[in-house]
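This report concerns only the one structure given below.
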Amino acid sequence: MSLLAVDDLSVSIGMVPLLDRVSFSLDRGEVLGLVGESGSGKSLTAMTLMGLLPLIGGRITAGRVRFDGIDLTTLPEPAYRDLRGQRIALISQNPMTSLDPILTVGAQIDQASRLHAGLSAAAARARSLDLMHQLRIPEAVAIHGQYPHQLSGGMKQRIVIAMALAGDPDLIIADEPTTALDVTIQAQIIQILCDLVAERGLALLLITHDMGVVAQACHRVSVLYAGRGAETGPVHDIFARPRHPYTKALIGCIPREGQAPGTLVGIPGMVPTAFAYPKGCRYHPRCTAAAPDCRTEVPAGSIQGVGGSIVFCHHPLEVGHV
Amino acid sequence: MSDPMSAPILRFDGVSRDFSAQNGFFGRKRTMRAVDGVTLDIPRGKVTGVVGESGCGKSTLARLALHLLKPSIGHVYFEGNDLAGLKPAALRRQRRHMQMVFQDPYSSINPRFSIRDAVMEPFQVHGIRHTPAEGKERAARLLEMAGLDPQLAEHYPHQLSGGQKQRVGIARALALEPNLIVLDEPTASLDVSIQAQIIALLADLKSRLGLTYLFISHDLGLVRYFCDRIVVMYLGAAVEILPSTDAPHRHPYTRTLMESAFLPDPERRRAVTRLTGEIPSAFERPPGCAFATRCSFASGRCYAEKPVLLTTGRHAVACHHPLD
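Line order of the protein sequences matches chains S and P.
With the first letter of the first sequence counted as 1, position 145 gets the number 333 in our numbering; the numbers rise by one all the way through.
With the first letter of the second sequence counted as 1, position 34 gets the number 72 in our numbering; the numbers rise by one all the way through.
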């Protein structure tokens, strides 16, 4: 059984339905990429998994989320508190806002260890330094005593990762962890995360809009569009044989080496807002292959190919049609 | 005199720019050099890309190009005129021909301006008057050029998406029919699908209007796709100028940048080389090569002696041990 299994999850904020029957699963030692444009529901999925929906007035309206056999959809808040930070950790996009500016970064990692692992002050400090070494933070002792503003963006993100690891979690949800960082630093951070998955058997849900990061780091991919699943499958299969026109278009937005001028066109139009979701397949107004049934019928998921990709499309692209 | 069409539209001649910062109110005043001795020609009708990481001075270079910042040392020539030597009225006349598109379309448009007011603002600044009917027509044409529905003229910025706002930024930059547009990370805050749309629009406008672009970006993949030549900056200095996007790179820093850019192809994953060492502070510039602290080829000479930018053919590199 998977460590994390999300089945037909639907989420509303107020009266507005935002996620509609989203499904994916994630195992230990695996990196799942959750991709899509802004407004596809990626970050909302992260909030849901962290049990933070009440903070934004959201609620689960249907479906189930199971984490290591625990049903998260009905879990009361006190029990959720024991999971959060200790078994499920979140790394957010902006390291500048996840750190307290008036505490040293060391104190913040110590705090996470003391809170989640119940360590004494001395043991927590030793553990923080150990984590900082593992994340290849140079001069860990000196940096332990520094404040966030004294550190570079890449270093701050490493501190946030150290905090996430302090509770020794089974699952890390990383919401655009490298979007605010330079490419050389992004490459380092992604490498560190992948190493952690391989060495510690963590499960990593990597939320990103960058298909380059997905291709580099993920084992499997789940593509979301306007709050619904579009395509889920193994990364090699998805990139070599995208079957959903949206997946193909999204991959085509990244310039390749030696790409001829004028061939990068993007996807016309934009993601609709939740108030104006079109009928049928929500991608049909932007889709080059839209047919009459796409305008009226919501496509159901179908299993395609040997890799077992699940595709939500009435007219999936033929294999070899790349 | 040489053919004016082959002369560069913009020239940086030994340009440096310093900023000073103070440690507290009574603290010591410290000076950092954001741009350090850049000499660079921007050829007409081409896209010159400038890449580098945060703090490498690329945005400062963009502002120096339009004389929004004055150089501390050196000169910037636009169409052969030293911008620092111009009187305010003459500088304003030159500015008509050079425009900028900013990174953040959310903060570069006044939220209290309608889209029409935003697009027409450059005319106001330059004292060009229109009758209301002419103004409407002009704004509609500019919005259409940027791929927007002219009906949006009546809307306000908060009603537009990020991509639409960036198109407004482009429409406004086009208003005065400039020759040179400086694009400072114009797609960095947009989704990849919208980024590709904007790049396609910029490419189309360039060929239709014969524009010259100075394209500032941290995205090497995008720069390689869109630009004709690439300037790589590190800690304020140009360390390599690639004459074409497929020219083999020779500076170890350029190689590091290239290897850090992930390809959208899981069959070609990057072996990420571990960078050791931090970027030196621009306040305490090392005497030798600024990249030496992170470079695997660094020798004693690199720490002692600053490499100069040497040009072979049209390719320039500043390195004691360039790659073959």
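Positions of the beta carbon are idealized from the N, C-alpha and C atoms, including for glycine.
Here the structure is a predicted model, which means the values were calculated and not measured.
If distances are taken between C-alpha atoms only, which option among L348(P), P360(P), A320(P) and R323(P) comes closest to C333(P)?
With distances taken between Cα atoms, C333(P) lies closest to P360(P).
By Cβ distance, which residues of its chain are closer than 8 Å to L107(P), with the 5 residues on each side in sequence left out?
These residues qualify, in order along the chain: R55, T98 and R101.
Within 8 Å of any Cβ in chain S, is that where the Cβ of I111(P) sits?
So, not an interface residue.
Under 9 Å Cβ-Cβ, which residues of chain S neighbour A177(P)?
Per Cβ cutoff of 9 Å: no residues; A177(P) is ~22 Å from chain S at best.
Kindly say whether D318(S), judged by its beta-carbon, lies nearer than 8 Å to any beta-carbon of chain P.
No, D318(S) does not count as interfacial toward chain P.
Are the CB atoms of G75(P) and A275(P) within a distance shorter than 8 Å?
Their beta carbons are under 8 Å apart, which means A275(P) touches G75(P) by this criterion.
Should V293(S) be counted as a contact of the ligand PLP given a C-beta to heavy atom distance under 7 Å?
The model depicted lacks the ligand PLP and carries no ligand whatsoever.
Between the alpha carbons of L186(P) and I276(S), how many angstroms are there, rounded?
The C-alpha of I276(S) is placed about 44 Å away from the C-alpha of L186(P).
Those residues which DSSP pairs with M271(P) across a bridge:
In the DSSP secondary-structure assignment, M271(P) is bridged to A276(P).
Of all Cβ atoms in chain P, is any one closer than 8 Å to the Cβ of H397(S)?
Closer than 8 Å to some Cβ of chain P, the Cβ of H397(S) qualifies, so yes.
According to DSSP, simplified to helix, strand and coil, what is G400(S)?
Secondary structure at G400(S): helix, using DSSP grouped into helix, strand and coil.
Residue nearest to R66(P) in terms of C-alpha spacing, selected from H193(P), S58(P) and V73(P):
Per the Cα distances, S58(P).
Listed by chain order, chain S residues near D229(P) by CB distance under 7 Å
Under the 7 Å cutoff, chain S gives E225, S226 and H397.
Rounded to the nearest angstrom, how far is the Cβ of A285(P) from that of M70(P), given a contact under 8 Å?
Contact flag wrong, Cβ pair sits at about 32 Å.
With a CB to CB cut of under 8 Å and the five nearest residues on each side skipped, what residues in its chain are close to I380(S)?
Around I380(S): L323, R324, R346 and I349.
Same chain, Cβ closer than 8 Å to L154(P), neighbours up to 5 away in sequence not counted:
What sits at residue 154(P) in the sequence shown is Arg, not Leu. Closer than 8 Å at Cβ, skipping near neighbours: G173, K174, A177, A191 and E192.
If you follow the beta strand (DSSP E) that M203(S) is in, where does it begin and where does it stop?
Counted as a single uninterrupted DSSP element, the stretch harbouring M203(S) is not any beta strand (DSSP E), since DSSP gives it neither H nor E.
Report the residue ranges of all alpha helix (DSSP H) runs contained in full by the stretch 219 to 292 of chain P; include only those spanning at least 4 residues, in chain order.
Listed in chain order, they are 230 to 247 and 258 to 264.
Amino acids of chain S, ordered along the chain, whose beta-carbon sits closer than 8 Å to that of I60(P)
With the sequence shown as reference, residue 60(P) is identified as Gln, and Ile is not the correct amino acid for it. Residues of chain S passing the Cβ test: none, with the nearest at roughly 16 Å.
Spatial neighbours of Y369(P) within its chain, please: CB distance less than 7 Å, with the 5 preceding and 5 following residues excluded, ordered by chain position.
Residue 369(P) falls outside the range modelled here, since chain P spans only 39 to 362, and no answer is possible.
Does any CB atom of chain S fall closer than 8 Å to the CB of V277(P)?
For V277(P), the answer is no, since every Cβ of chain S falls outside 8 Å of its Cβ.
Taking all protein chains shown into account, decide if Q162(P) is buried (16 or more other Cβ within 10 angstroms of its Cβ) or exposed.
Burial check for Q162(P): the Cβ neighbour count within 10 Å stays below 16, so the residue is exposed.
Between the stretch 252 to 267 of chain P and the stretch 249 to 261 of chain S, are three or more C-beta pairs nearer than 8 Å?
Flag = no, the stretch 252 to 267 of chain P and the stretch 249 to 261 of chain S do not touch.
Counting only beta-carbon atoms, is I80(P) nearer than 8 Å to chain S?
I80(P) does not count as touching chain S.
Please classify Q197(P) as buried or exposed, where buried requires at least 16 other C-beta atoms within 10 Å of its C-beta.
So Q197(P) counts as exposed.
So, for S200(S): in the same chain, excluding its five sequence neighbours on each side, which residues have a beta-carbon less than 7 Å away from its beta-carbon?
If we look at S200(S) and ignore the five residues flanking it on each side, its Cβ neighbours are L206, G246, R247 and T249.
At which residues does the alpha helix (DSSP H) containing Q322(S) begin and terminate?
Note, Q322(S): alpha helix (DSSP H), A309 to Q322.
Just list the residues that DSSP pairs V409(S) with in beta bridges.
G221(S) and G421(S), per the DSSP bridge assignment.
Exposure label - L348(P); buried when at least 16 CB within 10 Å:
So L348(P) counts as exposed.
Quick test of your reading: L384(S) and G341(S), contact by CB under 8 Å. State the CB separation rounded to the nearest angstrom.
Contact doesn't hold; Cβ gap of about 20 Å is too wide.
If you measure between the beta carbons of Q137(P) and L124(P), is that distance less than 8 Å?
No. Outside cutoff.
Local conformation of A177(P) per DSSP, three classes:
In the structure shown, A177(P) sits in a helix (DSSP, three-state: H, G or I).
According to a CB-to-CB cut-off of less than 7 Å, which residues of the stretch 466 to 486 of chain S neighbour chain P?
From the stretch 466 to 486 of chain S, no residue has a Cβ closer than 7 Å to chain P.
Give the single residue among K467(S), G415(S) and F463(S) whose Cα lies nearest to the Cα of C482(S).
Looking only at K467(S), G415(S) and F463(S), the smallest Cα-Cα distance to C482(S) is reached by K467(S).
Euclidean distance between Cα positions of A241(P) and I361(S):
Rounded to whole angstroms, the gap between the alpha carbons of A241(P) and I361(S) is 38 Å.
Between the beta-carbon of L301(P) and the beta-carbon of V270(P), is there less than 8 Å?
For L301(P) and V270(P), no; Cβs fall outside 8 Å.
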